[in-house]
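All remarks here apply to the structure that follows.
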């Protein structure tokens, strides 16, 4: 990696000031470092300054009460996975957290870092390849090897968003708190992520001087069932070929409301309103669940090597729906 | 005639004995080449090409040389020469720290004139492809054709025929310890190298030749090493470079390959694509076989594979070609050519059996000439519960479907001459066994201790075993071809016997008995005809004084034997909605002769099965036609089995005789075929291309449905 200076953060104000005084990419934030260090070592990122966020007080920890969940951005993935309230009432989130990487990475990787991690695309991660995401002319996945790439929302960059926590949190209706020079703001986590058509270089709306500090999850409704299904080639560690975060509010076998968010298939966590519509108000059975699966992928446009993801995603959505009634 | 004696007489040989280095490895005390650090040591790094094919127009080392902390920069390619694959060496740096070395190679300026490349077989064989080898036409070698019998007559007798194309991709070795060396010059003419190698004497001789030194002035040490699988027989460019950098700087240099370089340049198992047509008679005999195939070993050749394999085919023709691509060269990889050939042949066997409406195991029994495998089929079928298998493939109910399959293999592993060893009995009763072999993780160190302890009536912990060092001047061959134990064990055995004989000669007069009547056991030498006449081990050796006994041995061919057969059964479960495959159980029945240490023999079988499972379900090198680069030169997208993938493995040591045979390679051969056949039996759709990944399962199931 290139040399950089290292600053221990003392306050959010200091962090946003340092970021404001710097160009994109020159000053970067590090918490667990499980993604960033690899990017530095591969010379994908070459910041001049790293700000260590772990010295910021009060930014880790999980608060669970009647108003829902509040999770600090520095909370580790492991702490989310093993939190009893999350396991019982926000199951999809605990399952998503538990599916990530390895115990070592879960012990240091943080919520904020997981949401802001960069794509795993093998062209993007190759220093010698100047792809569209890095300011080059083309997305190599279009004519190249695209087994692990997007089937939805890709144009013009066909990366997939690698986060497991993001689909789960969006399915739970989470909001994210962002701090910038002008203070703090809340936004639905769903709106935090962007597609390449809007910005091919970034995966979210975060400005260069902003920082994710917290995620809030509304209280779990009674009669809610939730699941995270993650298909991968290898037990661990492996990123999703496709994943489904599903939250169902049920009345016996009838789906009162459904929230279906796909991971590993689009450049952003992909909320499937089509699948939700196919389930909402319906008595879930084999036919309904299959329809939901089919509707989830009806806009899919696979590349050369990833048509299997259409079938896979469809099956995962159907399976998740059936789990709500079994 | 020399023999290992009867099993009932063996106290240690054939028992389950934990490896002597186990504790050191678990605690981290064991030093691998990666762990060697010498005072004043520099760190070496190599700049490699990211371009698959290019002319070197200019090379400027000056900026790197001027960097503080950089002690030497050496060019590794001349201006005017051609780069022929990604990862090819351009220049090397030695610096005070690894970080400086890493920065310095980025300051080397190389001007490359990029040329059109081909990096996949398909691309290399298309019309108008760039021609990357002057000596071949169409990037393909002349075919190697082997023919026996009359295939046309054979096909006329066939009641059924199968025509299919089978493919296995390039695999890389994924040695956990990457290739590397620490080189230190004592003076201008004496070099010591710590090497992660399968052959200390091979590395010694190569480096002695490279530097034009007498062989005895180069010392190579491999105390422990982290995996080679056939890829670590010589110092390679990186080893010579480490020694060159050390010579240029007058300081020790450590140079270990990066994981990326390990994938790119440290060898690989060639690919295989074979189009085969085969026929069988109505009574279940394979009667005709016609195969055209190719593979790539990179820019070189060496992409051979076994076809047909194991089963008897009277009328056969096999035509193989090498395809050249701009990718790093192949090296031997655990049973070269066999797993590829076995996967194709065992898939074909099942397809023929199905055409005939026969149970695939019965079909094998008819066509398999090996008596040993015939017996193994019975043992393995019983252990896996073959009767539970779907009689109609894919007939299981539910989303997750189970199936069973069988595969076969064979190997040599008879060892060879060329090992020298010395067994020394000291006056204090301690014993040393020294030889120039190396323990590449297979447990030869422990096996040597077992053999000596058995012969001398001692315990393994009483024996000090010294291997992995060329300095004692007791050569042994490289550890490859499953040859180590059958090469080394007879020499150790005869050396220990000779040392024992000397000790007996010394004490026979005191015991008043002829030497032939003496025996040793439980640290006591006794007279076999009068057991009241004894002398304790230490009292006997104590009389040696300064005259410790030191004896060599010889490679007694009666103590070893080549040729092993193996068969494996697999049970799998396929999730038909996600394409995920879970291997539930593998039964590996491995012919092996005398297992010196049953525990490490089982470990070898377990390791082979796990490697075979990786080839079956996970491993594939992805080469990108657009960039000419390997896209998964890491351990994220080049996937090897982890704990979640390891099934129940039932390793059955099928010891049919009491002569030593190597089994390092054969247990990885039958696994992919057995798994592929089990997947077919589970879902009724055949995947003819490894690895069998979820995308292929889902695509095949969708095609079947359509």
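Chains as they are written, first to last, in the working numbering: chain S, 93 to 418; chain R, 12 to 717. Positions of the beta carbon are idealized from the N, C-alpha and C atoms, including for glycine.
{"Item": "Got a sec? Which residues, its chain only, sit under 6 Å from residue 146 of chain R by beta carbon, not counting five neighbours each side?", "Value": "none"}
{"Item": "Just verifying my parser: in three-state terms, what is the DSSP assignment at residue 407 of chain R?", "Value": "coil"}
{"Item": "Measuring alpha carbon to alpha carbon, tell me which of S/144, S/132, S/407, S/230 ends up nearest residue 98 of chain S.", "Value": "S/144"}
{"Item": "By the 10 Å Cβ neighbour count, where 16 or more other Cβ atoms means buried, how is residue 241 of chain S classified, buried or exposed?", "Value": "buried"}
{"Item": "By the criterion of Cβ-Cβ separation under 9 Å, what are the contact partners of residue 705 of chain R in chain S?", "Value": "323, 324, 325, 333, 400, 404"}
{"Item": "Determine the contact status of residue 589 of chain R and residue 681 of chain R, defining contact as a CB-CB distance below 8 Å.", "Value": "no"}
{"Item": "For residue 591 of chain R, which residues in the same chain have their Cβ closer than 7 Å to its Cβ, ignoring the five residues on either side in sequence?", "Value": "705"}
{"Item": "Within this structure, are the beta carbons of residue 427 of chain R and residue 498 of chain R separated by less than 8 Å?", "Value": "yes"}
{"Item": "Quick one: list the residues of chain R neighbouring residue 229 of chain S, beta-carbon separation under 7 Å, in chain order.", "Value": "Those do not exist, as residue 229 of chain S stays about 12 Å from chain R at its closest Cβ, beyond 7 Å."}
{"Item": "Take residue 187 of chain R and list the residues in its own chain whose beta-carbon comes closer than 6 Å to its own, dropping the five residues that flank it on each side.", "Value": "237, 238"}
{"Item": "With three or more C-beta pairs closer than 8 Å as the rule, is the stretch 133-151 of chain R touching the stretch 98-105 of chain R?", "Value": "no"}
{"Item": "Is DSSP giving residue 159 of chain S helix, strand or coil here?", "Value": "coil"}
{"Item": "Can you pull the chain R residues whose beta carbon is under 9 Å from the beta carbon of residue 236 of chain S, in chain order?", "Value": "635, 636, 637, 638, 642"}
{"Item": "Can you grab the Cα-Cα spacing for the pair residue 699 of chain R / residue 404 of chain R, in whole Å?", "Value": "16 Å"}
{"Item": "Around the C-beta of residue 290 of chain S, are 16 or more other C-beta atoms found within 10 angstroms, so that it is buried, or is it exposed?", "Value": "exposed"}
{"Item": "Whose Cβ in chain S lies nearer than 7 Å to the Cβ of residue 61 of chain R?", "Value": "220"}
{"Item": "Do you know how far the Cα of residue 586 of chain R is from the Cα of residue 151 of chain S?", "Value": "41 Å"}
{"Item": "Closer than 9 Å, Cβ to Cβ, to anything on chain S: give me those residues from the stretch 648-663 of chain R, in chain order.", "Value": "648, 650, 651, 652, 653, 654, 655, 656"}
{"Item": "Using the three-state DSSP reduction, which class does residue 220 of chain S fall into: helix, strand or coil?", "Value": "coil"}
{"Item": "Please go through the same chain and pick out, in chain order, the residues whose beta-carbon is closer than 7 Å to the beta-carbon of residue 201 of chain R, but skip the five residues on each side of it.", "Value": "228"}
{"Item": "Run through the DSSP bridge pairs and tell me what residue 347 of chain S is partnered with.", "Value": "S/342"}
{"Item": "Quick one: does residue 405 of chain R have its CB under 8 Å from some CB of chain S?", "Value": "no"}
{"Item": "Please classify residue 301 of chain S as buried or exposed, where buried requires at least 16 neighbouring CB atoms within 10 angstroms.", "Value": "buried"}
{"Item": "Which residues bound the beta strand (DSSP E) around residue 69 of chain R?", "Value": "65-71"}
{"Item": "Could you spell out the range, first to last residue, of the alpha helix (DSSP H) harbouring residue 271 of chain R?", "Value": "270-276"}
{"Item": "Looking at C-alpha atoms only, which residue of R/86, R/657, R/60, R/112 is the closest neighbour of residue 78 of chain R?", "Value": "R/112"}
{"Item": "In this structure, does DSSP put residue 166 of chain R in helix, strand or coil?", "Value": "helix"}
{"Item": "Using only the alpha-carbon positions, how far apart do residue 20 of chain R and residue 513 of chain R sit?", "Value": "22 Å"}
{"Item": "Quick one: is residue 709 of chain R near chain S, going by C-beta distance under 8 Å?", "Value": "yes"}
{"Item": "Listing by chain order, which chain S residues have their CB less than 9 Å from the CB of residue 584 of chain R?", "Value": "Within 9 Å Cβ-Cβ: nothing; residue 584 of chain R doesn't reach chain S, min ~14 Å."}
{"Item": "Chain S partners of residue 629 of chain R, CB-CB under 9 Å?", "Value": "325, 326"}
{"Item": "Using the C-alpha atoms, what's the distance from residue 359 of chain R back to residue 482 of chain R?", "Value": "51 Å"}
{"Item": "Opposite residue 122 of chain R in the DSSP bridges: which residues?", "Value": "R/69"}
{"Item": "Run the CB neighbour count on residue 190 of chain R, radius 10 Å, all protein chains shown included, and call it buried at 16 or more, exposed below.", "Value": "buried"}
{"Item": "Grab the span of the beta strand (DSSP E) containing residue 618 of chain R for me, first residue to last.", "Value": "Careful: residue 618 of chain R lies outside any beta strand (DSSP E), inside the alpha helix (DSSP H) at 609-628."}
{"Item": "Just tell me which of S/374, S/345, S/348, S/319 has its CA closest to the CA of residue 355 of chain S.", "Value": "S/319"}
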